[in-house]
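**Q** Questions regarding the structure given below will be posed in turn.
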Amino acid sequence: MTEETPDEVLTVSTPAHFKALAHPFRHRLLFALGRRPATISQLATGLGAAKGTVAHHLKVLTETGMVRVAHSRQVRGGTEQYHQRSFRRLVGEAGDPGATGALLGAVAEELAADADPLLHLRHLRLTPAQADRLRATLDDLVQAAEEAGPDAPRYGVLVALYRQGDSASPS
618 MTEETPDEVL TVSTPAHFKA LAHPFRHRLL FALGRRPATI SQLATGLGAA KGTVAHHLKV
678 LTETGMVRVA HSRQVRGGTE QYHQRSFRRL VGEAGDPGAT GALLGAVAEE LAADADPLLH
738 LRHLRLTPAQ ADRLRATLDD LVQAAEEAGP DAPRYGVLVA LYRQGDSASP S
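Okay, structure coming up:
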C-alpha cells in the first residue's frame with residue numbers, strides 16, 4: 618500500500634476550481650482530507666453526512682484535481698479507496714478576485730467553527746520598500762513553520778498583505 622505525497626501548492630485558476638470551491642461542504646471535505654487520507658465512510662461519519670453526499674462532492678473535487686486516491690485496499694469482497702487532498706497549500710492567482718473570494722470563503726467556514734480564532738485586520742501606511750520587507754517577512758514566517766507531526770492538532774494560517782485602493786477611506 619503505497620501512499621502518494623501531496624503536491625506542495627495548487628493554484629486556484631480554472632473555472633472547475635472555482636465551481637468546486639463554491640460549495641461549503643467541499644471546503645469541509647478539503648479540510649478533513651488535510652488531516653489524513655480517508656474513505657467515504659470515514660468522511661461521512663466524521664462530517665455527519667450521508668455517504669452519497671460525500672461521494673458526490675468527492676467526485677467533483679477529484680475531477681478538478683483537488684483530491685486523488687492516496688491508496689486502496691481489499692476488504693470483504695470489495696476495494697476501499699482512501700482519498701487525500703492533492704496539495705498541501707492552496708493559493709490564488711495574483712490579482713484574481715475570484716480566487717481570493719473562493720479562498721476567503723473557505724477560511725470563513727473554518728473561522729466560524731473555531732471557538733477562539735485569532736483574526737486581525739489592520740491598515741498601515743507603508744512605503745513600497747516597507748511593504749516589500751513586510752511581505753517577505755510574512756512569507757518567510759509561514760514557509761518556515763514546522764509541522765509537529767500527524768497526531769498534533771491542526772491550525773490554519775491565513776496571511777494577507779494587500780494595497781488598499783485609492784478610494785478607500787484612511788484609517
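The sequence shown begins at 618 in my numbering and counts up by one.
No residue lacks a Cβ here, since even glycine has one placed at the ideal position from N, Cα and C.
1. For the stretch 733 to 740 against the stretch 651 to 658, do three or more pairs of beta-carbon atoms, one drawn from each stretch, fall closer than 8 angstroms, so that the two count as touching?
2. Smallest Cα separation from Arg-739: which of Pro-770, Ser-630 and Ala-777?
3. Going along the chain, which residues of its own chain have a beta-carbon closer than 6 angstroms to the beta-carbon of Leu-627, five neighbours each way excluded?
4. May I have the straight-line CA-CA distance separating Val-671 from Ala-723, to the nearest angstrom?
5. Exposed or buried, what is Ala-637 when buried is set at 16 or more other beta-carbons lying within 10 Å of its beta-carbon?
6. Do you know how far the Cα of Pro-745 is from the Cα of Leu-728?
7. Report the three-state DSSP secondary structure of Gln-781 (helix, strand or coil).
8. Suppose only complete runs of 3+ residues qualify. What are the beta strand (DSSP E) ranges in the stretch 690 to 760, listed by chain order?
9. Rounded to the nearest angstrom, what separates Phe-642 and Thr-717 at their Cα positions?
10. Could you check what DSSP says for Ala-649 in three-state terms: helix, strand or coil?
11. What residue range does the alpha helix (DSSP H) around Thr-656 cover?
12. From Thr-662 to Ser-630, what distance separates their C-alpha atoms?
13. For Ala-719, does the count of other Cβ atoms within 10 angstroms reach 16, so buried, or fall short, so exposed?
14. Taking the straight line between their C-alpha atoms, what separation do you get for Arg-742 and Glu-625?
15. Give me, in chain order, the residues of the same chain whose beta-carbon lies closer than 7 angstroms to that of Leu-721; leave out the 5 immediate sequence neighbours on both sides.
**A** Reading off the structure:
1. no
2. Ala-777
3. Phe-704 and Leu-707
4. 17 angstroms
5. buried
6. 31 angstroms
7. coil
8. 695 to 702 and 704 to 709
9. 18 angstroms
10. helix
11. Run containing Thr-656: none; DSSP gives neither H nor E here.
12. 31 angstroms
13. buried
14. 33 angstroms
15. none
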